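Asker: Structure in structure tokens, see below.
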Amino acid sequence: MSDVAQPVVRVPARFTGKTVIVTGAASGIGLATARRFGSEGARVVLADLDFDRAGQAAEAVKTDGAPDAWPVRCDVSDEGQVRACVAGTLGASAGWT
């Protein structure tokens, strides 16, 4: 083990001012994707069948530096739910500055 300080890696904020929807975001690859977008400045909508776990994941995304993150229950096999998720996100983001 070394006492040499490790460099801090800064992630560029490529997604500042952007909003992304990540499906399957309560765990696994979806959660990792949501966390990465959040760490790069995106507001993140975490869409998943499991609303409670998506809520927990949203808190983790905010801890990672996302300006905002919120869960949405969405079954991506249901076109109506996907449309509602997108419409809700677009409606919410219209008021952001």
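Basically the working numbering = 1-based index in the sequence shown + 1224.
Note that CB positions come from ideal geometry on N, CA and C, so glycine has one too.
Being a predicted model, the structure only gives us computed values, none of them experimental.
What is the rounded straight-line gap between the Cα of residue 1249 and the Cα of residue 1271?
Answerer: To locate residue 1249, count along the sequence shown from 1; it is residue 25. To locate residue 1271, count along the sequence shown from 1; it is residue 47. Approximately 6 Å between the Cα atoms of the pair.
Asker: Quick check: the segment 1253 to 1263 against the segment 1276 to 1294, are at least 3 beta-carbon pairs closer than 8 Å?
Answerer: As far as the Cβ criterion goes, the segment 1276 to 1294 touches the segment 1253 to 1263, which means the pair count is three or higher.
Asker: Tell me which same chain residues have a C-beta within less than 6 Å of the C-beta of residue 1242, skipping the five on either side of it?
Answerer: By 1-based counting over the sequence shown, the position of residue 1242 is 18. Answer for residue 1242: 1266, listed in chain order.
Asker: Exposed or buried, residue 1253, counting other C-beta atoms within 10 Å across all chains shown (16 or more means buried)?
Answerer: Numbered from 1 along the sequence shown, position 29 holds the residue referred to as residue 1253. With fewer than 16 Cβ atoms within 10 Å of its Cβ, residue 1253 is classed as exposed.
Asker: For residue 1255, count the other beta carbons within 10 Å of its own beta carbon; 16 or more makes it buried, fewer makes it exposed. Which is it?
Answerer: Reading the sequence shown from its first residue, position 31 is the one you call residue 1255. Buried: at least 16 other Cβ atoms inside 10 Å.
Asker: According to DSSP, is residue 1212 part of a helix, a strand, or is it coil?
Answerer: This structure cannot settle anything about residue 1212, because the visible part of the chain is limited to 1225 through 1321.
Asker: Return the CA-CA distance between residue 1268 and residue 1257, expressed in angstroms with no decimal places.
Answerer: Walking along the sequence shown from the start, residue 1268 turns up at place 44. Walking along the sequence shown from the start, residue 1257 turns up at place 33. Looking at the two C-alpha atoms, the distance is approximately 10 Å.
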